[in-house]
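*Asks:* As given, the protein sequences belong to chains A and B, one line each in that order. If you read the first sequence in my numbering, its first letter stands for residue 5, the second for the next number, and so on. If you read the second sequence in my numbering, its first letter stands for residue -9, the second for the next number, and so on. A virtual CB, placed ideally from N, CA and C, is assigned to each residue, including glycine.
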Amino acid sequence: MDAGMIRFLLRRIGQFIITFLAASFLLFAVTEFSPGTVASKILGPYAVSSQVDLLTEKLHLGDPLLVRYLRWLGIVAGVVENPLGDPTIGLGLSDPRGNRYVGNFGYSLMLKEPVVDVVGERIGYTVLLTLLAILVIIPVSLAAGVAAGVNPGRPVDRILSMGAVILTSLPEFVVAVALLLVGVVWLGILPGTSPMTQGGRWPLSLQLVLPVGVLVIASASYVLRIVRASVADTMRKPYVRTALLKGLKRRDIILHHVLRNAMIPPITVILLQINWLLTGVVVVESIFAYPGVGSLLLQAALFGDIYLVQALTLLALIVAVGTQLIGDLCYLALDPKIKLG
Amino acid sequence: MSAPLLVVDNLHIAYRGDKGDVTVVKDFSLTLGSAETYGLVGESGSGKSTAAFALLGYLAEGGRIVSGSIKVNGAEITTLDEEGLRRLRGGDIAMVYQEPASALNPVLTIGRQLVEARLAHRPGSKAQALADAADMLTKVSIGDVQAMLRRYPHQLSGGQAQRVVIAMALLAEPKLLVLDEPTTGLDATVEAGVVDLIGELARKIGMGLLYISHNLALVGRICERVGVMYAGRVVEEGSTRDIFGRPRHPYTQALIACRPAVTEGTASRRLTVIPGQPPAPGIHIEGCAFVPRCPHAVPGRCDQAAAIAVKTLAGNHFVRCARADDDLAIAAVASEAETRPLPGPEVIRIEHLSKAYLPRNAFGLARRVDLAQLPKANDDISLSVRQSEILSVVGESGSGKSTLARILIGLEEASEGRVLLLDQDVARRRAWRRPRSLLRALQMVFQNPDSTLNPSHKVGAIIGRAVKRLGQIQGRQAITARVDELLAQVQLPQSFVGKYPHELSGGQRQRVGIARAFAGEPDIIIADEPVSALDVSVQAAIVNLLLDMQREAGTTFVFISHDLALVRHISDRVVVMFGGRIMEIGRPAEIFAPPYHPYTEALLQAAREGRRKVPAFDPAPPPRTGCRYAGRCPRRIDGLCEIKEPPRQATPDGHVIFCHLSWEQFGAAQTFSEGD
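(1) Which residues in chain A sit within 8 Å of Y48/B, going by Cβ to Cβ distance?
(2) Residues in the same chain with beta-carbon distance under 6 Å from M(-9)/B, minus the five sequence neighbours each way, listed in chain order, please.
(3) With a cut-off of 8 Å, do at least 3 Cβ pairs link the region 335 to 343 of chain A to the region 42 to 61 of chain B?
(4) Determine whether the beta carbon atoms of I202/B and V168/B lie at a separation below 9 Å.
(5) What in chain A is Cβ-close to G668/B, meaning under 7 Å?
(6) Pull up the DSSP beta-bridge partners for T27/B, would you.
(7) Mind checking which residues open and close the alpha helix (DSSP H) that includes E36/A?
(8) Is N368/B helix, strand or coil when you go by DSSP?
(9) Does the distance between the C-beta of F37/A and the nearest non-hydrogen atom of the ligand MN fall short of 8 Å?
(10) Under the rule that 16 or more other beta-carbon atoms within 10 Å means buried, what is W421/A, buried or exposed?
(11) Tell me the DSSP secondary structure of L261/B in three-state form.
(12) Ends of the alpha helix (DSSP H) at A277/B?
(13) Among S92/B, T173/B and A620/B, which one has its Cα closest to the Cα of Y243/A?
(14) Between the region 567 to 575 of chain B and the region 617 to 636 of chain B, are three or more C-beta pairs nearer than 8 Å?
(15) Please state whether DSSP places M573/B in a helix, a strand or coil.
(16) What does a CB cutoff of less than 6 Å around L199/B pick up in its chain, not counting 5 residues either side in sequence?
(17) Between the C-alpha atoms of H492/B and A236/A, what's the straight-line distance to the nearest angstrom?
(18) Could you tell me which uninterrupted beta strand (DSSP E) segments, each at least 3 residues in length, are contained entirely in the region 77 to 131 of chain B, listed from first to last along the chain?
(19) Interface residues of chain A around N95/B at Cβ under 9 Å?
(20) Are there 16 or more other CB atoms within 10 angstroms of the CB of H64/A, so buried, or fewer, so exposed?
(21) If distances are taken between C-alpha atoms only, which option among N205/B, T442/B, V184/B and G80/B comes closest to D525/B?
(22) Per DSSP, H2/B is paired with what?
(23) Can you tell which of A221/B, L410/B, L535/B and R140/B has the C-alpha that lies nearest to the C-alpha of P96/B?
(24) Less than 9 Å between the C-beta atoms of I212/B and G183/B, yes or no?
(25) Between Y347/B and chain A, is the shortest Cβ-Cβ distance under 9 Å, so that the two count as touching?
(26) When DSSP labels each residue in this structure, what does L482/B get in the three-state scheme?
(27) Note down, in chain order, all residues in the region 145 to 158 of chain B with a beta-carbon under 9 Å from any beta-carbon belonging to chain A.
(28) Name the DSSP bridge partner or partners of R238/B?
(29) Considering only the alpha carbon of each residue, which of R249/B, Q243/B and L303/B lies closest to P285/B?
(30) What do you get for K366/B, buried or exposed, if any count of 16 or more other CB atoms within 10 angstroms of its CB means buried?
(31) Please name the residue or residues paired with P(-6)/B in a DSSP beta bridge.
(32) Taking the runs of the beta strand (DSSP E) that are 3 residues or longer, which of them lie wholly in the region 528 to 603 of chain B?
(33) Rounded to whole angstroms, what is the Cα-Cα separation between L364/B and W422/B?
(34) If you draw a straight line from the C-alpha of D11/B to the C-alpha of V56/B, how long is it?
(35) Could you give the distance in angstroms between the alpha-carbon of A659/B and the alpha-carbon of S147/B?
(36) Am I right that H447/B and G251/A are in contact with their C-beta atoms under 8 Å? What's the rounded C-beta distance?
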């Protein structure tokens, strides 16, 4: 790794931190300013106004927004104590780690547990689902996309493109129901739900088949179309004609001249898929009762569980910025026009 | 002549169109001996490129060979399979393309792309191939070969890229090199170098050359024989001497006549025009396709099928013209005596203008740096333009002529200096910070009308919007009336208001662009290469139109161009720029004849003869001290020019030269001979 590369990475990480701080402030402002004050959200709809006032005072919710944001940052960074855990408030919230530790996102009001525990339990399952899905999505969509893109207008392209259009336009729940009908009702070889509990009738591996299947169908067909379009477009580029007219073999033209150029546009789309898989898989998780992060965020938002929403949204933010960084590195590797400077 | 290398016989090529097949190449026959050079000339849509690509067995999507045969070394190629074609391509026949930058793969190094071409046809080790590639780059006069091998296409200048493409084609040792407009988009000095290089290499290797171009003069410089194509047919073919000396087809005659000559000035600024436009592909014209534009057409004779029968004149001179035996006078130039408006008061005054692009930090903010340390796109430019004057700015790319235009129009800010437009300083005011009256007063005609007209708006809406915004005309009826008036002025039918830009030809689009620019009756028009993207016969019509409108309205013109012949023809004054600086200012008669600046001399020489006497083919960035041209100047005074700023030397009537040579020395050393 040369000096230019290190400088590039340091600058990117600097930008990462700035983006993160700016976005987290916006996030804090939005969640804490959403209808109903924070205190009444914590206490629920039936709280008396004197209780609300008391809590507002204890939590210093009357302070200016910027002060509260900095205090919140302090709590997350483990510098400041979280006043919510104070037993005198009488909310019955307690954390075995105490009130001051790094990564203290407060308590889930919905589950009456520390946010880190709630999220920690789910995140592993989400990562597992994402990994499995992406391991299928990338090779399948790349192979099929390239096969279609280098043969534009031929039967293989027509079939793949048509199939991809149909599959992308089907909503996830329709695909899920179809797969359930086939795998569960008709063949009876797969479980209908995937709560990822062990020791039951269905091993974990079989519980993963249907959720992964639905995600792959929803996402791979879309990525396939992007790859196909990019490859077909690259095939028409003058430099591909140059390669052809200098007498290269078709296989060499595709491998050396088309692919690397054609991969540049789809990278963004593939990374967006990872983004979505890590934080946005609401429908599939709900249908299969899969214990992932996406459905948790939905529940938290509906409940008004502001601390859990804050933590999960921050997570989504990290994923989004992180995949962008990866994307930049991929562009750097593929496109010599991008300079480190 | 030895046994023919290439024999094309009665080739017809058609493309699938919406309304059935469209024949774009008709009855094309060509015989080329080995080591012969042949030039195929025609305007866009004439079918010349399609014919050239067909020689490599390559047709764009939807194209097919309807009939005819192509034999290379006696072997028929129209029936070859994929592997046979692969061996032919880059083996016996190689190709050099238009727009070399896009013909190279952006993500592979030059070395990699050259090695590949070499290995595809001649087996050998990678190391051997790399050594061959390096040799070939030396042959195409690339300086630092090892560095070039490691570079990527985007790091190359246009001239370098074209020489790499030529090297790539030559690596397989082809017997025939097909060149498709290889110098379009290159500067005059670079173009001359590339043309020279190709001619030299072909002679040295004994390789056949098929040169495709719309530029008749360019082809005439290196080719022994020339064919002129019109609407899919070769209408005239003969030795270069015959084609230029005794052109028999009215189209050839018109093509030769419609380019102004760089060597002589004429009284009238209007150019000879070929009226009308080439027929759209797919439109069937009985007999000769040139009849609608031909001044000599005879009804009942030229519009018969027999009119396009090939007539053989003396030697190898063929022509498809029913009146080939008649003595056709070359159509006279309609040169009415023109009254030019006298230059009025000063409307543009530029004082010590400099423009540097500031380096930016990670947050996109300009860093504070010493301006003197930065390379400048415009460097200490002082200039004034008077009302109704036509001022041309010439120079190769990188000379800063476009930057100057962009500052005037308000797309860029100047770094230093003053720019007074109608007495208001706009040096640091971009367009959106200028008052409406100033925006109206200054309009621009762009180089590429395709990309500056909104494709989703109709012509009427495009011009109408300009009328409303700039012409201060309110009310639908008044706007429509003004749009019609403008369309009439640019000689487009009123029905064009309902057309979209993509339905128009390049020349028609440029007319719309001109109508838009004149919508607000501007005082000043900046035209950045307004005709360089157009066909030769259309160029003349557009230039005439601009001149007519300029004369009627007394508009001031700043004309940016690298076309010296055109500049000489139309300008009141000419500014020659190099490396961001002014080298010379003067009236055309002063610029185009000695005494002149050494750089002007080199430019003229390149344009006049296509001979490369400009020393550095591959220009290094100009030095930051002394004369910017010192590095390339054949008359450099070592120890002076590259260190000390050249003095300003002027005659009383405004001819200015920035140079260390004395006035008596300018143009004294004739490094070329006129008859070369």
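*Replies:* Straight from the coordinates:
(1) Working through the second sequence from its first residue, we reach residue 48/B at position 58. The contacting residues are R245, L248 and L249.
(2) On the second sequence, residue -9/B is found 1 positions in, with the first residue counted as 1. Unreliable positioning characterises M(-9)/B in this predicted model, as indicated by a pLDDT of 46, which lies under 50. The coordinate reading is nonetheless provided below. For M(-9)/B, where only same-chain residues beyond five positions count, the Cβ hits under 6 Å are G23.
(3) no
(4) Counting from 1 along the second sequence, the entry for residue 202/B is found at position 212. Counting from 1 along the second sequence, the entry for residue 168/B is found at position 178. Cβ distance < 9 Å, so I202/B and V168/B count as in contact.
(5) Nothing in the structure corresponds to residue 668/B, since chain B is present only between -9 and 666.
(6) Position 37 of the second sequence, counting from 1, holds the residue named residue 27/B. BP columns for T27/B point to L199/B.
(7) To locate residue 36/A, count along the first sequence from 1; it is residue 32. Element bounds for E36/A: A7 to F37.
(8) Looking up residue 368/B in the second sequence gives position 378. Strand, per DSSP.
(9) The model on display carries no ligand, and the ligand MN is accordingly not part of it.
(10) In this structure chain A extends from 5 to 345, so residue 421/A is not present and cannot be described.
(11) As a working mapping, residue 261/B is identified with position 271 in the second sequence. L261/B falls in the coil class under three-state DSSP.
(12) Residue 277/B sits at position 287 when you count from the first residue of the second sequence. According to the sequence as given, residue 277/B is Gly; it is not Ala. Counting along the chain, G277/B falls outside any alpha helix (DSSP H), and DSSP gives it neither H nor E.
(13) By 1-based counting over the first sequence, the position of residue 243/A is 239. Closest option to Y243/A, Cα to Cα, is S92/B.
(14) yes
(15) For the purposes of this step, residue 573/B is taken as residue 583 along the second sequence, with counting starting at 1. M573/B falls in the strand class under three-state DSSP.
(16) For the purposes of this step, residue 199/B is taken as the residue at position 209 of the second sequence. Cβ neighbours of L199/B beyond the five flanking positions: T27, L167 and A192.
(17) The residue you call residue 492/B lines up with position 502 of the second sequence. The residue you call residue 236/A lines up with position 232 of the first sequence. Cα-Cα distance, rounded: 24 Å.
(18) 83 to 86
(19) Taking the first residue of the second sequence as 1, we reach residue 95/B at position 105. Those within 9 Å of N95/B in chain A are K241, Y243, V244, T246, A247, H260, H261, R264 and N265.
(20) Looking up residue 64/A in the first sequence gives position 60. By the 10 Å Cβ count, H64/A comes out exposed.
(21) In the second sequence, the residue the question calls residue 525/B occupies position 535. Checked all of N205/B, T442/B, V184/B and G80/B; the closest Cα to D525/B is N205/B.
(22) Working through the second sequence from its first residue, we reach residue 2/B at position 12. In DSSP, H2/B forms a bridge with S57/B.
(23) The residue labelled residue 96/B in the question sits at position 106 within the second sequence. The candidate whose alpha carbon is nearest that of P96/B is R140/B.
(24) As a working note, residue 212/B is residue 222 in the second sequence. As a working note, residue 183/B is residue 193 in the second sequence. Against a cut-off of 9 Å, the Cβ pair of G183/B and I212/B comes out as no contact.
(25) Here residue 347/B corresponds to residue number 357 of the second sequence, with the count starting at 1. No - not a single Cβ of chain A is within 9 Å of the one on Y347/B.
(26) What you label residue 482/B is simply residue 492 of the second sequence in a count that begins at 1. Three-state result, L482/B: coil.
(27) Q145, V155 and M158
(28) Mapped onto the second sequence, residue 238/B falls at position 248. DSSP output for R238/B lists no bridge partner at all.
(29) As a working mapping, residue 285/B is identified with position 295 in the second sequence. Comparing Cα positions, the closest option is Q243/B.
(30) Locating residue 366/B in the second sequence gives position 376, where the first residue counts as 1. Buried, because 16 or more other Cβ atoms sit within 10 Å of the Cβ of K366/B.
(31) Here residue -6/B is taken as the residue at index 4 of the second sequence, counted from 1. Its beta-bridge partners are G23/B.
(32) 546 to 551, 563 to 568 and 571 to 576
(33) For the purposes of this step, residue 364/B is identified with residue 374 of the second sequence, where counting begins at 1. For the purposes of this step, residue 422/B is identified with residue 432 of the second sequence, where counting begins at 1. Each residue's alpha carbon lies about 27 Å from the other.
(34) On the second sequence, residue 11/B is found 21 positions in, with the first residue counted as 1. On the second sequence, residue 56/B is found 66 positions in, with the first residue counted as 1. Roughly 10 Å separates the two Cα atoms.
(35) As a first step, residue 659/B is located in the second sequence; it is residue number 669 there, counting from the start. As a first step, residue 147/B is located in the second sequence; it is residue number 157 there, counting from the start. No answer about A659/B holds up, because its pLDDT of 46 lies below 50 and its placement is not dependable.
(36) Counting from 1 along the second sequence, the entry for residue 447/B is found at position 457. Counting from 1 along the first sequence, the entry for residue 251/A is found at position 247. Wrong, their Cβ atoms sit about 45 Å apart, outside the cutoff.
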